[in-house]
Amino acid sequence: MDVPLLPILPGLYVHRYVDRPLLELQTLRSWILTCRSFVASGRRALYRSPSKQTGLYLSRDKAYNLLQTLKQHPNLQGSVRELTHLASSVSTFVRSPCGPYSSAIHRSIAPFEWQSEMLRLCTQVTRATVALTDTDQALEVARLLMAGRAVQNIICRFVEPKVNNEHAIVRALARGLGGTTMPRLDSISLQLTKHVHATTKRPHYVTRKLSVDVSAACLLSVVAYLPKGIAGLRSLEIRLGRNMRGLDFTPLMKALATNYITHFDLRSSSLGVISGYDGSPEDYADAVQGPAVPLAFFGTFKHLRKLELRSCSAMDVARLSLLADSSGATLTHLDLRQTFWGDLTARDLDSAEGHPRPSGFEERVMQVLDRMPRLKYVALGVWPFVVDSDCRCGLRKWAAARGLKLEVEGCYPEDEDGQGWYSDEYDDDDDYLYDGYGHVWGSIY
1 MDVPLLPILP GLYVHRYVDR PLLELQTLRS WILTCRSFVA SGRRALYRSP
51 SKQTGLYLSR DKAYNLLQTL KQHPNLQGSV RELTHLASSV STFVRSPCGP
101 YSSAIHRSIA PFEWQSEMLR LCTQVTRATV ALTDTDQALE VARLLMAGRA
151 VQNIICRFVE PKVNNEHAIV RALARGLGGT TMPRLDSISL QLTKHVHATT
201 KRPHYVTRKL SVDVSAACLL SVVAYLPKGI AGLRSLEIRL GRNMRGLDFT
251 PLMKALATNY ITHFDLRSSS LGVISGYDGS PEDYADAVQG PAVPLAFFGT
301 FKHLRKLELR SCSAMDVARL SLLADSSGAT LTHLDLRQTF WGDLTARDLD
351 SAEGHPRPSG FEERVMQVLD RMPRLKYVAL GVWPFVVDSD CRCGLRKWAA
401 ARGLKLEVEG CYPEDEDGQG WYSDEYDDDD DYLYDGYGHV WGSIY
């Protein structure tokens, strides 16, 4: 049967769970190979997102075959909607150049030219992860993305940039997208590798959502990448690196002075645990990591519906109260998971009237949350109490009466065997690590 099909990678099982989307694609591919009536509709699904079948990056052989297939079968070009493997593939090709004994096929794949050719053929792409290296190349990539007027989500990665200014590359990308006259995109994502000082020369892109990863840069760099016309921005996500403390939020607050953001997401990679604190309540204060968001920052947003502050520190009732003053009328989702509270001790959580009455601290928190009438979900972060022996009944009953989904993380002190919540013991039969309830949370490899 003369049907071009992408090879599907073996290994449907990842961490003992079935990769169901890949399994479904493999089943569909099998049907196409056995029944011609499935070809027309099935190949559109197979080529919708090539990376789901070939993996997050391509070998040079697969990259060559994919490109040749699309050239030989123009009817498949319009089926491609996602090209999320471009940047990782280009990065792999750049890091592993062809040698003198490489095949002609391998030498025919010039990384950035291959990416441009893929974008030139697939004009109906709505989501693409692209590799950027200089201003001219970024300008070309942007124009190729906008050729079909279908792109909505752009994820940018910098691969060995030829100019020591990622900000200039992003500004060139914005010009290629159309600047202030471009249609508003759903999202633009940037993964920075260099520091950029705050500047008034912001990119002229128009997007509903902006994600900036400054794990390898600094918080100040975020200001330089905010769109010049910030009025259209509705969602801002910031990813911080490990142990970024003592950050200056003032430039960011000034840049967001007049905003209509409804979703703000700030999270740090400081904590290495999944949930709670792997230690005793007495050690709670010494375990605090992550950036401390200043009090004034909680009054920056007036239209928030969803706030996520993950793996931060120094949270307190005053910050929560200011948030209620600024966005309490609209907020529906508050996520403080893995965030520690400042000056909070186990004694503060003791109720004067005994179990199951809430403590004085909990009552103050409940009073503030009652000023958020639309709130449907709240995660209050990590508190200094032992999960197995303290259920926080008073707080949970209040949440149930309000119809509020509540999450509170606690502490997991060592048991008699000296093991905490996340131990290094594993089952010899499968080499997986387990938590306190026997759930798999990682591998020894």
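Sequence positions in the sequence shown follow this note's numbering and run 1 to 445. Backbone N, C-alpha and C fix where the C-beta goes; we use that ideal spot for every residue, glycine too.
### Cβ-Cβ distance between Asp335 and Leu304 below 9 Å
By the CB criterion at 9 Å, Asp335 and Leu304 fall outside the cutoff.
### Message
Once DSSP output is grouped into helix, strand and coil, what is the label at Thr69?
### Response
Helix, per DSSP.
### Query
Is the Cβ-Cβ distance between Leu86 and Ala131 less than 9 Å?
Between Leu86 and Ala131, the gap from beta carbon to beta carbon is short of 9 Å.
### Task
Output the distance between the C-alpha atoms of Ser59 and Arg36, rounded to the nearest integer angstrom.
Rounded to whole angstroms, Ser59 to Arg36 spans 29 Å at the Cα level.
### Cβ-based burial, Pro97 [other Cβ within 10 Å; buried from 16]
The residue in question, Pro97, is exposed, as its Cβ has fewer than 16 Cβ neighbours within 10 Å.
### Query
Which whole-angstrom value is the C-beta distance of Asp278 and Arg239, which I expect to be below 8 Å?
Contact between Asp278 and Arg239 is absent: CB atoms are separated by about 23 Å, not below the 8 Å threshold.
### Message
Beta-carbon within less than 8 Å of Glu140's beta-carbon, same chain only, minus the 5 sequence neighbours each way: which residues are those?
### Response
Contacts found: Ser116, Gly176.
### Message
Based on DSSP bridge pairs, tell me the residues matched to Gln446.
### Response
This structure cannot settle anything about residue 446, because the visible part of the chain is limited to 1 through 445.
#### Entry: First and last residue of the uninterrupted beta strand (DSSP E) at Thr92
Per DSSP, Thr92 belongs to no beta strand (DSSP E); it is in the alpha helix (DSSP H), 86 to 95.
### Close beta carbons around Gly179, own chain, < 7 Å, minus the five adjacent residues each side
Closer than 7 Å at Cβ, skipping near neighbours: His204.
### Query
Shortest alpha-carbon distance to Lys194 belongs to which of Arg396, Glu363, Leu219?
Of Arg396, Glu363, Leu219, the residue nearest in Cα terms is Leu219.
### Query
Tell me, which residues are paired with Ser59 by DSSP?
Its beta-bridge partners do not exist; DSSP assigns none.
### Task
Measure the alpha-carbon distance for Glu166 versus Leu226 and round it to whole angstroms.
Each residue's Cα considered, the two are about 14 Å apart.
### Query
Relative to the alpha-carbon of Phe458, which residue among Tyr284, Leu323, Ala150, Pro294 has its alpha-carbon at the smallest distance?
The structure shown does not extend to residue 458, since the chain spans only 1 to 445, so no value can be given for it.
### Message
With a threshold of 8 Å (Cβ to nearest heavy atom), would His106 be considered close to the ligand MG?
### Response
Annotation note on the ligand MG: not contained in the displayed structure, which lists no ligands.
### Query
By DSSP, does Cys411 sit in helix, in strand, or in coil?
Cys411 sits in a strand when the DSSP states are folded into three classes.
### Query
So does the region 360 to 377 actually touch the region 313 to 320, counting three or more Cβ pairs closer than 8 Å?
Put simply, the region 360 to 377 touches the region 313 to 320. At least three CB pairs are less than 8 Å apart.
### Query
Shortest alpha-carbon distance to Thr69 belongs to which of Gly229, Arg149, Gln137, Leu46?
If we check each option's Cα against that of Thr69, Leu46 comes out closest.
### Query
How would you call Gly410, buried or exposed, if buried means at least 16 neighbouring beta carbons within 10 angstroms?
Under this definition Gly410 is a buried residue.
### Query
Tell me the DSSP bridge mates of Ile238?
Val212, Leu266, per the DSSP bridge assignment.
### Message
Taking the beta strand (DSSP E) that Asn310 belongs to, which residues open and close that run?
### Response
It should be pointed out that residue 310 corresponds to Arg in this sequence rather than to Asn. Run containing Arg310: 306 to 310, per the beta strand (DSSP E) assignment.
#### Entry: Alpha-carbon to alpha-carbon, Leu344 and Ser211
C-alpha separation (whole angstroms): 32 Å.
### Pro384 (DSSP reduced to helix, strand or coil)
In the three-state reduction of the DSSP assignment, Pro384 falls in the strand class, which pools E and B.
### Query
Name the DSSP beta bridge partners of Val378, please?
Leu334, Leu406.
#### Entry: Coil, strand or helix - Val206 by DSSP
Here Val206 sits in coil by DSSP.
### Task
Give me the Cα-Cα distance between Met244 and Thr181, rounded to the nearest whole angstrom.
Spanning the two alpha carbons is a distance of roughly 37 Å.
### Query
With Pro161 and Asp134 assumed to form a contact (beta carbons below 8 Å), what rounded beta-carbon distance in angstroms separates them?
Going by Cβ atoms, the distance from Pro161 to Asp134 rounds to 7 Å, so yes, they are a contact pair.
### Task
Could you tell me which residues DSSP pairs with Val130 in its beta bridges?
In the DSSP assignment, Val130 is bridged to Cys156.
### Under 9 Å between C-beta atoms of Arg127 and Ile109
Taking 9 Å as the cut-off, the beta carbon of Arg127 is found no closer than this to the beta carbon of Ile109.
### Query
Per DSSP, what kind of secondary structure is Leu219 in: helix, strand or coil?
Leu219: coil per DSSP, three-state reduction.
#### Entry: Contact check, Val39 vs Val80, beta carbons under 9 Å
Contact annotation: Val39 and Val80 have beta-carbon atoms that are not nearer than 9 Å.
### Query
Going by other Cβ atoms of all chains shown within 10 Å of its Cβ, with 16 needed for buried, is Gln338 buried or exposed?
Looking at its Cβ environment, which holds 16 or more other Cβ atoms inside 10 Å, Gln338 is buried.
### Task
Identify, in the order they occur along the chain, each residue of the same chain with its Cβ nearer than 8 Å to the Cβ of Ala346, setting aside the five sequence neighbours on each side.
Result list for Ala346: Pro281, Glu282, Tyr284, Pro384, Phe385, in chain order.
### Query
How far does the alpha helix (DSSP H) with Asn75 in it reach, from first residue to last?
Membership of Asn75 in the alpha helix (DSSP H) is indicated by the continuous run 74 to 77.
### Query
Applying the criterion that 16 or more other CB atoms from any shown protein chain within 10 Å of the CB defines a buried residue, is Glu362 buried or exposed?
Glu362 comes out buried.
### Query
Out of curiosity, what's the CA-to-CA distance linking Arg397 and Val222?
First, the residue type needs correcting, since residue 397 is Lys and not Arg in the sequence shown. Using only the alpha carbons, I get a separation of about 41 Å.
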